[in-house]
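Visitor: Each protein sequence line maps, in turn, to chains A and B. Add 1 to the 1-based position in the first sequence for our numbering, that's all there is to it. Add 1 to the 1-based position in the second sequence for our numbering, that's all there is to it. We treat Cβ as the ideally placed atom computed from N, Cα and C, and that holds for glycine.
2 protein chains.
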Amino acid sequence: MDNITSLFKKNGLSITDGRKKILSYFLNSEGALTHADVEKNAGEHFDRVTVYRTLQTFVDKGIIHQIPTTDNSILYALCKDDCGAGHHHDDHVHFICEECEKTICLDGVMVPQVKLPRGFKPRHSEMVVKGICDDCK
Amino acid sequence: MDNITSLFKKNGLSITDGRKKILSYFLNSEGALTHADVEKNAGEHFDRVTVYRTLQTFVDKGIIHQIPTTDNSILYALCKDDCGAGHHHDDHVHFICEECEKTICLDGVMVPQVKLPRGFKPRHSEMVVKGICDDCK
DNA sequence: CGAATACTTGCAGCATTGTTGCAAAAGTAC
DNA sequence: GTACTTTTGCAACAATGCTGCAAGTATTCG
Numbered sequence: 002m003d004n005i006t007s008l009f010k011k012n013g014l015s016i017t018d019g020r021k022k023i024l025s026y027f028l029n030s031e032g033a034l035t036h037a038d039v040e041k042n043a044g045e046h047f048d049r050v051t052v053y054r055t056l057q058t059f060v061d062k063g064i065i066h067q068i069p070t071t072d073n074s075i076l077y078a079l080c081k082d083d084c085g086a087g088h089h090h091d092d093h094v095h096f097i098c099e100e101c102e103k104t105i106c107l108d109g110v111m112v113p114q115v116k117l118p119r120g121f122k123p124r125h126s127e128m129v130v131k132g133i134c135d136d137c138k
Numbered sequence: 002m003d004n005i006t007s008l009f010k011k012n013g014l015s016i017t018d019g020r021k022k023i024l025s026y027f028l029n030s031e032g033a034l035t036h037a038d039v040e041k042n043a044g045e046h047f048d049r050v051t052v053y054r055t056l057q058t059f060v061d062k063g064i065i066h067q068i069p070t071t072d073n074s075i076l077y078a079l080c081k082d083d084c085g086a087g088h089h090h091d092d093h094v095h096f097i098c099e100e101c102e103k104t105i106c107l108d109g110v111m112v113p114q115v116k117l118p119r120g121f122k123p124r125h126s127e128m129v130v131k132g133i134c135d136d137c138k
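#1: Evaluate residue 18 (chain B) with the Cβ neighbour count: other Cβ atoms within 10 Å of its Cβ, from every protein chain shown; 16 or more gives buried, anything less gives exposed.
#2: Pick from B:15, B:61 and B:42: whose alpha carbon is nearest that of residue 27 (chain B)?
#3: Count the other CB atoms within 10 Å of the CB of residue 100 (chain A); is the residue buried (16 or more) or exposed (fewer)?
#4: Within 10 angstroms of the Cβ of residue 37 (chain A), are there 16 or more other Cβ atoms? Answer buried if so, exposed if not.
#5: So, is the C-beta of residue 126 (chain B) closer than 8 Å to a C-beta in chain A?
#6: Taking Cβ-Cβ distances shorter than 8 Å, what residues in chain B pair up with residue 119 (chain A)?
#7: Taking only the alpha-carbon atoms, compute the straight-line gap between residue 135 (chain A) and residue 76 (chain B) and give it to the nearest angstrom.
#8: Taking Cβ to Cβ, would you say residue 90 (chain A) is nearer than 8 Å to residue 112 (chain A)?
#9: Should residue 50 (chain B) go down as buried or exposed, given a rule of 16 or more other Cβ atoms within 10 Å for buried?
#10: Am I right that residue 69 (chain A) and residue 70 (chain B) are in contact with their C-beta atoms under 8 Å? What's the rounded C-beta distance?
#11: Round the Cβ separation of residue 128 (chain B) and residue 126 (chain A) to the nearest angstrom and send it over; I've been treating them as touching at under 8 Å.
#12: Quick one: what does DSSP say residue 108 (chain B) is sitting in, helix, strand or coil?
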């Protein structure tokens, strides 16, 4: 029983071909992926609806997480930390390279705390940095 | 000549009824707005395409800025700082209240610098904090 | 002011993206 | 293997976003 299979078991998910292929695709990609990436490159043709539902399931179970963008697309990336159903804690910074367009999780860089005005209670912070990555410099 | 009119003049934009109404709507709203908000509430019916183009124009001219989200919608908010065409510098933190769903620009809270791994060159940072706002606490 | 020019708007039509219900297929448990 | 549960794919639909073009406004300049 490989990693993928045991991860699905742990989360009470059925082991299906589609889920295995989609998760493998994430494991073999370095950056974050969009819905369209998955649909085109996951290895075989999956129905659009299947991809939506699979990604949603993975997010719910804490297998992947979403990265906010300003261009009306959602990016998904593997959770490297020990996230589980209902409790994500991917408090790392995301880096979007303006050259190669890749989005990279900087797992070693934590999102810093900021001092908020009186009355504001923070629960979760997201930080996205744009610039030039190591490969493109 | 009021504020709105002179702002348009300064940016070389024609003064039209639609632009005035849409900008007024931003001035009278406290939080950030989506495309749909503008289309429904700008005071009269504007064609969807007009709203897209108007928002795009405002972003280009540095009148409003975009806020990244994880739910496939783009939020727009007024630039309080002195942005102009081609050079935004809204380096403040955005706060999304999980209770009232409003998105607020914390103009007084700057996005902190983070130390990136070797080779990464930052150019622009975005930070979004979710939690409970002052009104809902 | 009024005509010529430049810009903006709305419409039609299209492409993409995201959602729901339902029946068939695949996976799981016994 | 059989009964049950979950997942998948299809059809249909809704919402979102974009482009070209003609008509309508705003601006400029005489």
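Guide: Let's see:
#1: One-based indexing of the second sequence puts residue 18 (chain B) at position 17. For residue 18 (chain B), the number of other beta carbons within 10 angstroms of its own is below 16, and it is reported as exposed.
#2: Your numbering for residue 27 (chain B) matches position 26 in the second sequence. Of the candidates B:15, B:61 and B:42, the residue whose Cα lies closest to the Cα of residue 27 (chain B) is B:42.
#3: Along the first sequence, read from residue 1 onward, the residue named residue 100 (chain A) stands at position 99. Counting Cβ neighbours within 10 Å, residue 100 (chain A) comes out exposed, since fewer than 16 surround it.
#4: By one-based count along the first sequence, residue 37 (chain A) stands at place 36. So residue 37 (chain A) counts as exposed.
#5: Reading the second sequence from its first residue, position 125 is the one you call residue 126 (chain B). Chain A places a beta carbon closer than 8 Å to that of residue 126 (chain B), counting this residue as a contact.
#6: Sequence index remark: in the first sequence, residue 119 (chain A) carries index 118 (1-based). Within chain B, the residues near residue 119 (chain A) are 135.
#7: Stepping through the first sequence from its first residue, residue 135 (chain A) is reached at position 134. Stepping through the second sequence from its first residue, residue 76 (chain B) is reached at position 75. Computed Cα separation, rounded: 30 Å.
#8: Walking along the first sequence from the start, residue 90 (chain A) turns up at place 89. Walking along the first sequence from the start, residue 112 (chain A) turns up at place 111. Here residue 90 (chain A) is not near residue 112 (chain A), since their CB atoms are 8 Å or more apart.
#9: If you number the second sequence from 1, residue 50 (chain B) lands on position 49. Flag for residue 50 (chain B) reads exposed.
#10: Residue 69 (chain A) sits at position 68 when you count from the first residue of the first sequence. Residue 70 (chain B) sits at position 69 when you count from the first residue of the second sequence. That pair is a contact at about 5 Å.
#11: Taking the second sequence and counting its residues from 1, the one referred to as residue 128 (chain B) is at position 127. Taking the first sequence and counting its residues from 1, the one referred to as residue 126 (chain A) is at position 125. Rounded, the Cβ-Cβ distance is 7 Å, consistent with contact.
#12: Start at 1 with the first residue of the second sequence, and residue 108 (chain B) comes out as number 107. Three-state DSSP puts residue 108 (chain B) in a strand.
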